[in-house]
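**Q** Got a structure for you, questions after.
Number of protein chains: 2
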Amino acid sequence: MPLVKQMNVIGRPKLRTIVADRLKTFIVKHNLQSGDRLPTETELAKKFGVSRLSLREATKSFEFLGILESKPGRGLTVGSVNMERVTEYLGFHPALHGISLSELIDTRVLIETGVLAHVSQRMKQNDVLYDKLSTINESLRQARSLARWIELDSAFHRELICASGLSPLMAFTDVLAVFFKRFRESIQKAEWSQGIQSHQQIIEFLKAGRVVDAKKELRFHIESHSQRVKTPTQYRDRK
Amino acid sequence: MPLVKQMNVIGRPKLRTIVADRLKTFIVKHNLQSGDRLPTETELAKKFGVSRLSLREATKSFEFLGILESKPGRGLTVGSVNMERVTEYLGFHPALHGISLSELIDTRVLIETGVLAHVSQRMKQNDVLYDKLSTINESLRQARSLARWIELDSAFHRELICASGLSPLMAFTDVLAVFFKRFRESIQKAEWSQGIQSHQQIIEFLKAGRVVDAKKELRFHIESHSQRVKTPTQYRDRK
DNA sequence: TAATAAAGATTGTCTGATAATCTAATGAAC
DNA sequence: GTTCATTAGATTATCAGACAATCTTTATTA
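Residue numbers (the working numbering), protein chains in the order written: chain A, 1 to 239; chain B, 1001 to 1239.
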């Protein structure tokens, strides 16, 4: 007969969870900044009373997010969060695939048109913003392959958000970009020029401070994408 | 004399990085959905040609994000992304503390006002939306503690986004909420009633289809937060 | 002094083992 | 036959120890 089962009953928290929490506390308590070094794995493991393996499960999760960095011979250092990494792996998750195209487009229209007032404002004080956007659009004209076109079109819209100076939105739009990539791929070559014209019109409007016109043009530009996509791409092709 | 140093020179990618990528591919290729089961750790390790340990470093990172779940005796299953978890651990990171309050407020104003047109539209077809918001606001009147007030205020604004039906924005505002929590805590009791009145006004405007007025009121409501906060909260209290 | 080589420290990865936990099969009682 | 408790099997959780790979620092040499 088996001994009395160790009563841990419902969810005993995993060790790595505890360690992750203590690591977080450690960083905050010591007020560590990017680049600062942490104790070695062995020391931390001893400090937390767990094996080096359990400690690593926590640090590796942090490293995945970019919170920590580790190199052989150097040790652990505080990193700088890598949003791209996060979004790349969150973006592919099935749960997020259920979002309809119209929802995605509405969201994008909301953010990009909302940003224009800020962009226009900042353009007045800084010519570089206009030049950057203009340069990308110029390259767009010379794009030969579809892949290159998609890359530059994404860059244009990304730069638009960036020009607003609202950094939180940058990270978010990177997530959205993952989904739009697949829609962009259904674009026809004949439609390139139309898109480029729209881009140009938008930045001219912005430079002139005509925000309302820019919004209208941008909304039309984004929404015209959707009309070309006949059927939403299916991802579930088998039972 | 040491042997010729194994020339790997620049960054040979870590095994866990490769494994993470192959795991991602595996999930996408097999079209796995939330709740679906994966092969066992041993099988996956064999499949990828690495040790079980290296495999675990990848799966644990995924588990941390909520992409995977693991239980002893059951195995690995596809999870549903836990944004709270992600934001909790990203939110404490020093690099993200650099975002200024004005940037946060501008971003919030942009999203919340942008959403109002959608909300108003949907309110016409569904009374429940108005009732939900109204109920939260009603509870807000009866809140006694600051903690309760913060909780309900957050809930109101969250419900507002939710009412737009744009689910991508939900996840994003949850991230922003982490940062706003600390600013809400500086609010004065005397200001409660003013906030509640604003809430009420906003939903009345929305119900009446007066989107422009609702936007104006909401913008004022959010921006008035910032004026109360005298100095941006400092996190670096020591060298 | 500067370049090179060696030594030390630290993470990367592997193997193997035991404990904890869940799932499913088994059997007993009604 | 049905329902419940028990058992057995499968799978992850955690540990320990070892060696390789890599970076940093020190020591050596020209």
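All C-beta atoms in this analysis are idealised placements derived from N, C-alpha and C, irrespective of residue type, glycine included.
Let me check understanding here. Comparing Cα to Cα, which of A:Lys-124, A:Ser-167, A:Ile-150, A:Leu-129 lies closest to Gly-209 (chain A)?
**A** A:Lys-124
**Q** Could you list which residues in chain B have their beta carbon closer than 9 Å to that of Thr-40 (chain A), in chain order?
**A** Chain B residues near Thr-40 (chain A): none, gap ~18 Å exceeds 9 Å.
**Q** Run down chain B in chain order and give the residues with a C-beta less than 8 Å from the C-beta of Asp-106 (chain A).
**A** His-1118, Leu-1166
**Q** Looking at the structure shown, is Thr-135 (chain A) part of a helix, part of a strand, or coil, going by DSSP?
**A** helix
**Q** At a CB-CB cut-off below 8 Å, which residues of chain A make contact with Glu-1057 (chain B)?
**A** Arg-56, Glu-57, Lys-60
**Q** Going by other Cβ atoms of all chains shown within 10 Å of its Cβ, with 16 needed for buried, is Thr-173 (chain A) buried or exposed?
**A** By the beta-carbon neighbour count (other beta carbons within 10 angstroms, threshold 16), Thr-173 (chain A) is buried.
**Q** Given 8 Å as the limit, is there contact between the stretch 1034-1042 of chain B and the stretch 60-79 of chain A, that is, 3 or more CB pairs closer than that?
**A** no
**Q** Which residues, taken in chain order from the stretch 1197-1217 of chain B, show a beta carbon closer than 9 Å to some beta carbon of chain A?
**A** none
**Q** Decide if the stretch 152-159 of chain A is in contact with the stretch 122-138 of chain A; the criterion is three or more beta carbon pairs, one per stretch, under 8 Å apart.
**A** yes
**Q** Check the C-beta distance from Gly-165 (chain A) over to His-118 (chain A) and give it rounded, since I have them as a contact under 8 Å.
**A** 6 Å
**Q** If we require 3 or more residues per run, which beta strand (DSSP E) segments fall completely within the stretch 1012-1046 of chain B?
**A** none
**Q** Gly-1114 (chain B) by DSSP, collapsed to three states: which one?
**A** Gly-1114 (chain B) falls in the helix class under three-state DSSP.
**Q** In the stretch 123-136 of chain A, which residues sit with their C-beta less than 7 Å from some C-beta in chain B, listed in chain order?
**A** none
**Q** What's the call for Pro-13 (chain A), buried or exposed, on a 16-neighbour Cβ count within 10 Å?
**A** exposed
**Q** Ala-1163 (chain B) and Arg-1108 (chain B) look like a contact to me (Cβ under 8 Å); what is the Cβ gap, rounded to whole Å?
**A** Not a contact, Cβ separation roughly 16 Å.
**Q** Hey, would you say Ser-1054 (chain B) sits closer than 8 Å to Val-1019 (chain B), going by beta carbons?
**A** yes
**Q** Span of the beta strand (DSSP E) holding Leu-1166 (chain B)?
**A** Element bounds for Leu-1166 (chain B): n/a, residue is neither H nor E.
**Q** Given this structure, state the Cα-to-Cα distance separating Ser-139 (chain A) from Leu-152 (chain A), to the nearest angstrom.
**A** 8 Å
**Q** So, Ile-99 (chain A) versus Ser-1167 (chain B), is the Cβ gap smaller than 8 Å?
**A** yes
**Q** Based on DSSP bridge pairs, tell me the residues matched to Leu-1068 (chain B).
**A** B:Val-1078
**Q** Of the choices B:Ala-1058, B:Ala-1045, B:Glu-1041, whose alpha-carbon is the least far from that of Gly-1073 (chain B)?
**A** Measuring C-alpha to C-alpha distances from Gly-1073 (chain B) to each of B:Ala-1058, B:Ala-1045, B:Glu-1041 identifies B:Glu-1041 as the nearest.
**Q** Tell me which residue opens and which closes the alpha helix (DSSP H) that Ser-1193 (chain B) is part of.
**A** 1192-1207
**Q** Run the CB neighbour count on Lys-1029 (chain B), radius 10 Å, all protein chains shown included, and call it buried at 16 or more, exposed below.
**A** exposed
**Q** If you draw a straight line from the alpha carbon of Ala-1214 (chain B) to that of Leu-1176 (chain B), how long is it in whole angstroms?
**A** 22 Å
**Q** Three-state secondary structure (DSSP) at Ala-1147 (chain B)?
**A** DSSP places Ala-1147 (chain B) in helix when its eight states are reduced to three.
**Q** Are Lys-60 (chain A) and Arg-1144 (chain B) close, meaning C-beta to C-beta below 8 Å?
**A** no
**Q** Exposed or buried, Thr-113 (chain A), counting other C-beta atoms within 10 Å across all chains shown (16 or more means buried)?
**A** buried
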